[in-house]
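Enquirer: Below: one structure in structure tokens.
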Amino acid sequence: MPLSALNLLWLSLGLYIVFATWNFLSNPGPLRKIPGPWLAARTRWYRAYFDLIRDGGYLKHLQWLHTQYGPVVRVGPNEVHFSDPEVYDTIYGHRSTFTKDPFIYGAFKQDLSSFGFQNPHEARKRREMLSPLFSRRAILKLEHAVQTRVSELVTRLNTCDSSIPCNLSMAFRSATLDIITTYCFAQSFSTLSHPTFHHPILLAILSGVTTIWTFKYFPSIYILANLLPSWLMQRIARLSKGYAQLIGYLSNHLDEIIADPSKLESNSAGPEQQETIYSHLLNPINLEKHDVPSKQSLLDESMTLLGAGSETTGNVVTSGVFRVLNNARIIQRLQAELDEAFPADDSETGMPKMSYQDGYQSNLSKLTWPAKTNFTLLMAGDVNLVSKSTV
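Using mature numbering (1 follows the signal peptide of the UniProt record, and there is no 0), the letters of the sequence shown map in sequence onto residues -20 to -1, 1 to 371.
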């Protein structure tokens, strides 16, 4: 083939690539009519900037986008975000049939848990198995366990050196971690006993929260980390020691239960006299209707409940106390209600009804983000979400 013809061939190929690229950039897919940032419609790295560089600032940026573009905004090549309250129940309601987006949920590395199951049917079955553990009856039965941890927290705070600042954020997260481990496993890691509330396991959980953002965009890092021996990982990443300690404890505990299921019954005779998550997940009655969870699935579920019951709850409590301490009127009303409900310091009565505190907590849960990310779902075909709006 003559050189001129070869050059013509390369020129034609180059022009075709340029034309195809320009056509894609100027008219990218069926969502092209939905308003939104030009760059966001073409690459997920627009979102990565706010997740990674702006330290999880994507949620705040979403609010700004809606002020600029309206209630429906295109925020990714194949992603749309809604701010219309009418849409919420359709997307996230208990009757929703949308599957979870692996880009978001897969980053948590808890694929075989009630949170991580992408199929809504599988997630619903797992929640059914666990729901008795979180019923009102079960919660009231373990009220004393919660009060014990709260009393321990108060004692620790009262004995703190007044000349040294106390990290309340870590203190609250230590308390919530001890509460959720006591509640779910009938044991705790005693994170409240750590002198500075910086227990290695708690630090590992907190570190894992920010690591999730990295895994979303660089999943190969997680694969590489799992290929390295634990001793090397602990030298590279200081906080991985606590994570290895946590996984080691849960794994050994599960090995004992799988080898001897009668150990599940011993929890009800122990000092806490309670059931655990494994009592329900491995309950013979439940297993008549559901498949036996694998060890990995049990581990994933354990990590899901640890994260949901410690970091997210601790974040809400920290935000709530901060708001209280910065508002004298709220302090006075809460203090008056507490004094009336608990006239004696050593009162052993159950938790009474406190309308103002209940209302404050309810509003706080709406104002505080327990997790700094939005949880996207996948939709196939046209979906009628709100009146006069079809995506």
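Every residue, glycine too, gets a C-beta built ideally from N, C-alpha and C.
DSSP three-state call for residue 196: helix, strand or coil?
Expert: Residue state, collapsed to three classes: helix.
Enquirer: Determine, using beta carbons only, whether residue 320 and residue 93 come nearer to each other than 7 Å.
Expert: Cβ atoms of residue 320 and residue 93: not closer than 7 Å.
Enquirer: Cβ atoms of residue 225 and residue 166: under 7 Å apart, would you say?
Expert: Contact flag unset, no.
Enquirer: Report back the beta-carbon spacing between residue 294 and residue 156 to the nearest angstrom; my notes put them in contact at under 8 Å.
Expert: Sure, about 4 Å apart at Cβ, within 8 Å.
Enquirer: For residue 87, count neighbouring C-beta atoms within 10 Å of its own C-beta (all shown protein chains included) and say buried if the count is 16 or more, exposed if not.
Expert: By the neighbour-count rule (16 or more Cβ atoms within 10 Å), residue 87 is buried.
Enquirer: Residue 358 to residue 59, Cα distance in whole Å?
Expert: Spanning the two alpha carbons is a distance of roughly 9 Å.
Enquirer: Thinking C-alpha only, which one of 189, 346, 265 and 342 is nearest residue 89?
Expert: Comparing Cα positions, the closest option is 189.
Enquirer: Determine the direct distance from the alpha carbon of residue 45 to that of residue 348, and round the result to whole angstroms.
Expert: Approximately 20 Å, taken between the alpha carbons.
Enquirer: By DSSP, does residue 243 sit in helix, in strand, or in coil?
Expert: Three-state result, residue 243: helix.
Enquirer: Between the C-alpha atoms of residue 135 and residue 77, what's the straight-line distance to the nearest angstrom?
Expert: Cα to Cα, the separation comes out at about 47 Å.
Enquirer: Per DSSP, what are the beta-bridge partners of residue 357 in this structure?
Expert: Answer is 80.
Enquirer: Please name the residue or residues paired with residue 61 in a DSSP beta bridge.
Expert: Paired residue(s): 53.
Enquirer: Distance, Cα to Cα, residue 284 vs residue -11?
Expert: Taking the straight line joining both Cα atoms gives about 54 Å.
Enquirer: Cutting at 8 Å between CB atoms, please list the residues of its own chain near residue 310, excluding the five before and the five after it.
Expert: Result list for residue 310: 303, 304 and 340, in chain order.
Enquirer: Whose C-beta lies closer than 6 Å to the C-beta of residue 11 among residues of the same chain, with five residues either side of it excluded?
Expert: Hits under 6 Å: 54.
Enquirer: Would you list, in sequence order, the uninterrupted alpha helix (DSSP H) runs of no fewer than 4 residues that lie entirely inside the stretch 146 to 186?
Expert: As far as the stretch 146 to 186 is concerned, its whole alpha helix (DSSP H) runs of at least 4 residues are 148 to 165.
Enquirer: Buried or exposed for residue 35, going by 16 or more other Cβ atoms inside 10 Å?
Expert: Under this definition residue 35 is an exposed residue.
Enquirer: Cutting at 6 Å between CB atoms, please list the residues of its own chain near residue 313, excluding the five before and the five after it.
Expert: Excluding positions up to five away in sequence, the list reads 336.
Enquirer: To the nearest angstrom, how far is the alpha carbon of residue 91 from that of residue 14?
Expert: Cα-Cα distance, rounded: 32 Å.
Enquirer: Quick check on the burial criterion: 16 or more other C-beta atoms within 10 angstroms. Buried or exposed for residue 142?
Expert: Under this definition residue 142 is an exposed residue.
Enquirer: Can you give the beta carbon distance from residue 345 to residue 296, rounded, assuming they're within the 8 Å contact cut?
Expert: That pair is a contact at about 6 Å.
Enquirer: Between which two residues does the alpha helix (DSSP H) carrying residue 302 extend?
Expert: Residues 275 to 305.
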